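Note sheet for the following structure.
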């Protein structure tokens, strides 16, 4: 059985956690928190830490099993199967929507006359290659690409500093703390998507006592690194565009890339940034593809190339069925806020609570 190292777990987890969330996050939190919305980002991501630690603790009790298998053990076969079906449906539909984001972004920002299906199909081929190669290759791919994504993101933000508007963040906390709480709720689905991925990948992690400590540290590092970076993404956009324009620009980070001019001879570097953003999208969609395959294998014992091809067809069908940008974003927000967040919130706490109760009963 394939295995990944603790370092690969940290970088892969951080890459999946970041995914495509840095694209719309500024518009999301600024829409509810105004110019103070950036303060909601890090607390929202920090919610993922206790959930990640609960998943790791369950993995320590049931080594080499994913949470779907653990659910069947603790909650019963039929409840475990229901959870497995929900896991497959959520990961499958959300993965298809994110694949649509790849095509929609490239069509609107770089190649407006190229048919959208070409981008979706191209992205899917990259995803299929990674999934077909296995979790070890996927982890190594993320280990190489994630630092480049971070560097590109930092460069994009750093080169935007000359465009800062003085006083763009003032007055601080003018709306009180209530808008910040709503902002935290808007951010929470992103770490919950990361927890969904942890639910499957824990069966590929080392189970030694020393390694478990390193895995817990990896959760902390991944969450704080991504949370801090995305807080800066929001902060920079508010300082450059102001709160009103930040809300209007759903993908404000792409607009920042277009505005970057290193010198008169070097401009239009957004195409280079878009290449790294494509890599981030491929990692996130690949993670969701892996989730679907893990769910099918665990719940229905369906595995092999033909089922991967079937999942690919479903992803592509969902992507091509959601081509309008406005309706696509509404569908994503619905999935994140009303399906992923409550599902993970209830599932992990219930599973961890039942595990603790049974452990005390046995003792």
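Numbering (my numbering), first residue to last: 7 to 369. Positions of the beta carbon are idealized from the N, C-alpha and C atoms, including for glycine. Everything numeric in this text was worked out from a predicted model, so none of it was measured.
My understanding is that residue i touches residue j, with C-beta atoms under 8 Å, so please give their C-beta distance in whole angstroms.
{"i": "residue 259", "j": "residue 239", "result": "6 Å"}
{"i": "residue 349", "j": "residue 206", "result": "Contact doesn't hold; Cβ gap of about 14 Å is too wide."}
{"i": "residue 175", "j": "residue 70", "result": "Not really, about 48 Å apart at Cβ, beyond 8 Å."}
{"i": "residue 246", "j": "residue 102", "result": "Rounded, the Cβ-Cβ distance is 33 Å, inconsistent with contact."}
{"i": "residue 134", "j": "residue 318", "result": "5 Å"}
{"i": "residue 182", "j": "residue 43", "result": "Actually they do not touch by this definition, with Cβ atoms about 13 Å apart."}
{"i": "residue 15", "j": "residue 221", "result": "6 Å"}
{"i": "residue 208", "j": "residue 36", "result": "Incorrect: roughly 35 Å between the Cβ atoms, too far for contact."}
{"i": "residue 225", "j": "residue 34", "result": "Contact doesn't hold; Cβ gap of about 23 Å is too wide."}
The alpha helix (DSSP H) spanning residue i covers which residue range?
{"i": "residue 156", "result": "141 to 164"}
{"i": "residue 63", "result": "54 to 67"}
{"i": "residue 15", "result": "12 to 24"}
{"i": "residue 264", "result": "258 to 265"}
{"i": "residue 342", "result": "Here residue 342 belongs to no alpha helix (DSSP H), and DSSP marks it neither H nor E."}
{"i": "residue 251", "result": "249 to 254"}
{"i": "residue 34", "result": "31 to 39"}
Is residue i near residue j, with beta carbons less than 8 Å apart?
{"i": "residue 23", "j": "residue 229", "result": "yes"}
{"i": "residue 9", "j": "residue 212", "result": "yes"}
{"i": "residue 139", "j": "residue 105", "result": "no"}
{"i": "residue 170", "j": "residue 48", "result": "no"}
{"i": "residue 200", "j": "residue 54", "result": "yes"}
{"i": "residue 64", "j": "residue 76", "result": "yes"}
{"i": "residue 195", "j": "residue 347", "result": "yes"}
{"i": "residue 12", "j": "residue 217", "result": "yes"}
{"i": "residue 25", "j": "residue 325", "result": "no"}
{"i": "residue 301", "j": "residue 93", "result": "yes"}
{"i": "residue 305", "j": "residue 90", "result": "yes"}
{"i": "residue 17", "j": "residue 148", "result": "yes"}
{"i": "residue 236", "j": "residue 46", "result": "no"}
{"i": "residue 193", "j": "residue 50", "result": "yes"}
{"i": "residue 341", "j": "residue 99", "result": "yes"}
{"i": "residue 329", "j": "residue 110", "result": "yes"}
{"i": "residue 166", "j": "residue 265", "result": "yes"}
{"i": "residue 255", "j": "residue 108", "result": "no"}
{"i": "residue 20", "j": "residue 232", "result": "yes"}
{"i": "residue 158", "j": "residue 282", "result": "yes"}
{"i": "residue 354", "j": "residue 60", "result": "yes"}
{"i": "residue 293", "j": "residue 203", "result": "yes"}
{"i": "residue 210", "j": "residue 141", "result": "yes"}
{"i": "residue 314", "j": "residue 137", "result": "yes"}
{"i": "residue 252", "j": "residue 52", "result": "no"}
Is it the case that the CB of residue i approaches a heavy atom of the ligand ZN more closely than 7 Å?
{"i": "residue 67", "result": "The ligand ZN is absent from the structure shown, which contains no ligands of any kind."}
Return no unless some Cβ of chain D is closer than 8 Å to the Cβ of residue i.
{"i": "residue 227", "result": "Protein chain content of the structure displayed is limited to a single chain, and chain D is not contained in it."}
* For the segment 176 to 232, list the alpha helix (DSSP H) runs that are entirely contained and at least 4 residues long, ordered along the chain. => 184 to 193, 195 to 207
* Ignoring anything shorter than 4 residues or poking outside the segment 283 to 337, list the alpha helix (DSSP H) runs there in chain order. => 311 to 326
* To do: Could you name each continuous alpha helix (DSSP H) segment of 4 residues or more that falls completely within the segment 71 to 120, going from the start of the chain to the end?
  => 73 to 81, 83 to 115
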